[in-house]
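The opening residue of the sequence shown carries number 3 in the numbering used here; numbering runs sequentially from there. Encoded as structure tokens, the structure appears first; notes follow it.
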Amino acid sequence: MADRVPVAAHPWVYASRREGYDILPIVEEIIADMACAGLDGIELMHTALTQEGAVERIAAASEKEGLPVIGSSFGGNMWEAEQAEAVVQEAYVVTSRLQALGGKTLGVSVGKAPGPKTPEQFDVQAKVLREIDAMCTSAGIAMNLHNHTYEVENGEHDLRGTLSRFPEAKLGPDLNWLLRAGVDPVDFIRSYGRRIIFLHLRDQAADGRWVEGIGDGDTDFAAIAGALREVRFEGIAAIELAWEGDFKPTRPLRETLKLSREHLRNTMGW
Numbered sequence: 003m004a005d006r007v008p009v010a011a012h013p014w015v016y017a018s019r020r021e022g023y024d025i026l027p028i029v030e031e032i033i034a035d036m037a038c039a040g041l042d043g044i045e046l047m048h049t050a051l052t053q054e055g056a057v058e059r060i061a062a063a064s065e066k067e068g069l070p071v072i073g074s075s076f077g078g079n080m081w082e083a084e085q086a087e088a089v090v091q092e093a094y095v096v097t098s099r100l101q102a103l104g105g106k107t108l109g110v111s112v113g114k115a116p117g118p119k120t121p122e123q124f125d126v127q128a129k130v131l132r133e134i135d136a137m138c139t140s141a142g143i144a145m146n147l148h149n150h151t152y153e154v155e156n157g158e159h160d161l162r163g164t165l166s167r168f169p170e171a172k173l174g175p176d177l178n179w180l181l182r183a184g185v186d187p188v189d190f191i192r193s194y195g196r197r198i199i200f201l202h203l204r205d206q207a208a209d210g211r212w213v214e215g216i217g218d219g220d221t222d223f224a225a226i227a228g229a230l231r232e233v234r235f236e237g238i239a240a241i242e243l244a245w246e247g248d249f250k251p252t253r254p255l256r257e258t259l260k261l262s263r264e265h266l267r268n269t270m271g272w
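This is how it looks when you write it as structure tokens:
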């Protein structure tokens, strides 16, 4: 593992309580909070990047706070032939604007189908992913496959269907979603090793409920760090907080982000 793994944050916890998950109206607040928390960057949401004036607004906030844009998440129903062209076109807009902001990573979610995906749907999905990966490479951006639960349930049916058609794809697993799908993050890290270039981190209690911040729950981050050292992880980690629908925060988000950052430093050496 690299001596110094950069630790950024993803703004989902802000978006989750806003109409349409729109973070752009408060992006200055988010970037200021993350800078105050001592983070190394922000991983944006693609829905902010697709809006007019987003690049200028985000760039100004990033420069003011000294917090770089490290990348963005991106998602769409890539398995659906009728949507494939639109997804690729949107990805082009996002990667172009992300490049303008200096971003270097794109974490991609392939979309959940009503049932297990068919071979034909996997063929479409892999084709879309290859097109997005090519445009990322041209822009100096590293694409990685993000996961929720559906990609890794049922014996990793979705993930394996993708990798069998796109074996060179890199991974950006969300370790908490792995847990919620019944997959041991340590085993996953050991299985996929150097293919992993990005991580999403959050914490949960022993009963499976999300907690306010990293360090407030029971996730064994020290064991995760050990597995990452075994595979010589050299990527980027992003804190992505999430709260249950009935949760009421007890402190400002910037404080929770700061405490989360400190917990990772103490348990993982970052």
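Glycine residues also receive a C-beta, built at the ideal position from the N, C-alpha and C atoms. No experiment lies behind these values; they were computed from the predicted model shown.
Looking only at C-alpha atoms, which of the options sits nearest to residue i?
i: serine 111; options: Val90, Ala102 and Thr269; result: Val90
i: phenylalanine 190; options: Ser166, Gly215 and Leu161; result: Leu161
i: arginine 256; options: Leu51, Gly247, Gly228 and Ile216; result: Ile216
i: phenylalanine 124; options: Ala144, Asn146, Glu82 and Asn149; result: Glu82
i: histidine 202; options: Glu21, Trp14, Glu58 and Asp5; result: Trp14
i: glycine 210; options: Ala50, Trp245, Ala224 and Arg99; result: Trp245
i: tryptophan 212; options: Lys250, Ala10, Glu92 and Arg196; result: Lys250
i: leucine 103; options: Phe200, Ala136, Leu243 and Ala50; result: Ala50
i: isoleucine 2; options: Ala11, Val29, Thr258 and Ala56; result: Nothing about residue 2 can be reported from this structure: the residues present for the chain run from 3 to 272 only.
i: asparagine 146; options: Ala115, Arg192 and Arg196; result: Arg196
i: threonine 107; options: Asp222, Ala115, Thr120 and Ile134; result: Ile134
i: arginine 192; options: Asp176, Phe235 and Cys38; result: Phe235
i: isoleucine 60; options: Gly22, Arg99 and Arg6; result: Arg99
i: tyrosine 23; options: Thr97, Thr139, Gln53 and Arg253; result: Gln53
i: aspartate 5; options: Pro121, Arg231, Tyr194 and Gly163; result: Arg231
i: aspartate 222; options: His265, Thr139 and Asp248; result: His265
i: threonine 120; options: Gly109, Thr139, Lys66 and Gly163; result: Gly163
i: phenylalanine 76; options: Gly109, Gly105 and Glu67; result: Gly109
i: valine 233; options: Glu122, Gly55, Tyr194 and Gly40; result: Tyr194
Assuming residue i and residue j form a contact by the criterion Cβ under 8 angstroms, report the distance between their Cβ atoms to the nearest whole angstrom.
i: valine 185; j: valine 154; result: 5 angstroms
i: leucine 69; j: methionine 36; result: 6 angstroms
i: alanine 63; j: isoleucine 25; result: In fact, because the Cβ distance is near 11 angstroms, the residues do not count as touching under 8 angstroms.
i: glutamate 45; j: serine 74; result: 6 angstroms
i: tryptophan 272; j: valine 7; result: 5 angstroms
i: isoleucine 238; j: leucine 259; result: At roughly 16 angstroms, the Cβ-Cβ gap does not stay under 8 angstroms, so isoleucine 238 and leucine 259 are not in contact.
i: valine 96; j: arginine 263; result: Their Cβ separation, rounded to whole angstroms, is 27 angstroms, which puts valine 96 and arginine 263 out of contact at 8 angstroms.
For residue i, which residues in the same chain have their Cβ closer than 7 angstroms to its Cβ, ignoring the five residues on either side in sequence?
i: histidine 159; result: Pro118
i: leucine 261; result: Gly215 and Gly217
i: glutamine 101; result: Ala141, Gly142 and Ile143
i: glycine 78; result: Gln85, Val89, Glu92 and Gly113
i: arginine 132; result: Phe168
i: asparagine 156; result: Pro118
i: glutamate 30; result: Ala63
Who pairs with residue i in a beta bridge, going by DSSP?
i: arginine 144; result: Residue identity check: residue 144 is alanine in the sequence provided, not arginine. Thr107.
i: serine 166; result: Paired residues: none, contrary to the question.
i: tryptophan 212; result: Gln206
i: aspartate 176; result: His202
i: glutamate 45; result: Gly73
i: alanine 11; result: Ile44 and Ile241
Leaving out five residues on either side along the sequence, give the residues of the same chain with a beta carbon under 8 angstroms from the beta carbon of residue i.
i: alanine 86; result: Met80, Val126, Lys129 and Val130
i: tyrosine 94; result: Met137
i: leucine 165; result: Ala171
i: isoleucine 28; result: Tyr16 and Arg20
i: glycine 105; result: Leu46, Val71, Ile72, Gly73, Ser74 and Ile143
Kindly list the residues whose CB is nearer than 6 angstroms to the CB of residue i, restricted to its own chain and excluding five residues on each side of it in sequence; keep chain order.
i: isoleucine 198; result: Leu173
i: threonine 151; result: Trp179, Arg182 and Ala183
i: alanine 227; result: Met270
i: alanine 224; result: Thr269
i: glycine 219; result: Asp205, Gln206, Ala207 and Val213
i: cysteine 38; result: Arg256
i: alanine 229; result: Val188, Ile191 and Arg192
i: aspartate 42; result: Pro8, Val9 and Ala10
i: asparagine 149; result: Pro175, Asp176 and Trp179
i: glutamate 67; result: Ile33, Ala34 and Ala37
How about residue i: is its C-beta nearer than 7 angstroms to some C-beta of chain B?
i: alanine 240; result: The displayed structure is made up of one protein chain only, and chain B is not part of it.
Length-filtered (4 minimum) alpha helix (DSSP H) runs lying within the stretch 54-98: The stretch 54-98 contains these whole alpha helix (DSSP H) runs: 56-67.
Uninterrupted alpha helix (DSSP H) stretches inside the stretch 181-208 (no shorter than 4 residues): Fully enclosed alpha helix (DSSP H) runs of 4 or longer: 187-194.
Secondary structure, beta strand (DSSP E): runs of 3+ residues fully inside the stretch 113-137: Here no run is fully enclosed.
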